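K.L.:
Structure in structure tokens, see below.
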Amino acid sequence: MKGSAFMAVLRRDLLLALRRKSEVLTAVFFFVVVAALFPLGIGPELKTLRLVAPGVLWVGALLSSMLALQRLFEADYRDGTLEQMALSPTAMPLLISAKLLAHWLLSGLPLVLLAPVLGLQFDLSQDALVTLTLALLLGTPVLSLIGGIGAALTLGVRGGGVLLSLLVLPLFVPVLVFGAGAVEAQVSGLGAEAHFSILLAMLLPAVFFSPFACAAALRIALE
102 MKGSAFMAVL RRDLLLALRR KSEVLTAVFF FVVVAALFPL GIGPELKTLR
152 LVAPGVLWVG ALLSSMLALQ RLFEADYRDG TLEQMALSPT AMPLLISAKL
202 LAHWLLSGLP LVLLAPVLGL QFDLSQDALV TLTLALLLGT PVLSLIGGIG
252 AALTLGVRGG GVLLSLLVLP LFVPVLVFGA GAVEAQVSGL GAEAHFSILL
302 AMLLPAVFFS PFACAAALRI ALE
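Residue numbering for the sequence shown follows this note's numbering, beginning at 102 and increasing consecutively.
Put into structure tokens, the structure is as follows:
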């Protein structure tokens with residue numbers, strides 16, 4: 102029964118997102134625009150492009166994922182869905198996990214898939230593109246999980262968007278540093294295994310603790 106409730110919430114969020122395609126595509130389009138404009142502004146020097154590519158793509162991914170954070174719980178808060186989740190016999194953290202997974206599938210996974218294509222215009226090598234993709238695959242779920250906590254804490258607060266940015270941006274910095282650093286380490290010949298290990302060490306606790314933290318913050322918001 103718990104599995105069916107999880108899948109029902111996941112399926113519901115994905116279907117609602119498909120009905121509001123503009124909200125989903127906004128984050129993806131922003132990422133593409135940021136990645137496409139930087140090479141035009143920097144110039145045709147390939148060495149410079151290869152040097153800034155990891156940071157540019159990671160900053161674009163970080164900002165893109167933040168665009169959808171404020172809407173993560175807002176609609177459910179307004180229509181009473183969150184109250185029904187709180188009263189459901191299914192544990193609220195499990196239902197929140199489904200919403201966080203849906204958020205990543207809609208705002209994180211497209212960035213992972215687009216990054217190798219966008220990385221080509223920075224003249225990144227095949228090893229660098231593979232490393233970038235793996236780093237984003239490990240790092241973007243952390244952005245969704247940590248961002249979900251911030252979205253829950255600022256739910257219903259006036260000026261919540263600004264407060265959300267202030268809360269989560271400092272927490273996103275380690276993911277940004279080690280995600281971009283993985284590509285730089287691979288290109289320099291040092292290997293990215295250590296950076297991947299640190300990203301994984303961030304991901305595992307976030308997977309476990311984030312749904313419980315979000316559920317606790319949402320219960321406070323509903324009181």
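Every residue, glycine too, gets a C-beta built ideally from N, C-alpha and C.
Computed from a predicted structure; not experimentally measured.
1. Could you check which residue in A203, E184, S226 and H296 has the C-alpha nearest to that of S166?
2. With respect to the alpha helix (DSSP H) encompassing P155, which residues constitute its N-terminal and C-terminal limits?
3. Determine whether the beta carbon atoms of V284 and P145 lie at a separation below 9 Å.
4. Is the beta carbon of A229 less than 9 Å from the beta carbon of R151?
5. Run through DSSP, which three-state label would R172 get?
6. To the nearest whole angstrom, what separates the beta carbons of G220 and L233, a pair I think is in contact under 8 Å?
7. Under a three-way DSSP split, which group does E294 fall into?
8. DSSP three-state label for D89, please.
9. In this structure, how does DSSP classify A128 when only helix, strand and coil are distinguished?
10. Taking C-alpha atoms, which residue in I250, R259 and G257 lies nearest to V269?
11. Using CA coordinates, which residue listed in A169, A128, L215 and D224 is at the minimum distance from L147?
12. Which value, in whole angstroms, describes the spacing of the CA atoms of F139 and L215?
13. When you compare each of E124, E294, G262 and Q227 to L239 by their alpha carbons, which one comes out closest?
14. Quick one: Cα of A176 to Cα of V243, how far?
15. Can you give me the C-alpha to C-alpha distance between F131 and W159, rounded to a whole angstrom?
16. By the three-class DSSP mapping on this structure, what secondary structure does E324 have?
17. Which residue wins for smallest C-alpha separation from A281, given the options V231, T182, F174 and T191?
18. Would you mind sorting S123 into buried or exposed? The rule is 16 or more other CB atoms within 10 Å of its CB.
19. In the stretch 174 to 243, which residue ranges form an unbroken alpha helix (DSSP H) of at least 4 residues, counting only runs that do not cross its ends?
P.N.:
The structure says:
1. A203
2. Run containing P155: L147 to L168, per the alpha helix (DSSP H) assignment.
3. no
4. Cβ distance < 9 Å, so A229 and R151 count as in contact.
5. In the structure shown, R172 sits in coil (DSSP, three-state: anything other than H, G, I, E or B).
6. 6 Å
7. helix
8. It is not possible to answer for residue 89, since the shown part of the chain is limited to 102 through 324.
9. helix
10. I250
11. D224
12. 16 Å
13. E294
14. 23 Å
15. Roughly 13 Å between the two C-alpha positions.
16. Residue state, collapsed to three classes: coil.
17. Closest by alpha carbon: V231.
18. exposed
19. 175 to 180, 182 to 188, 193 to 208 and 210 to 220
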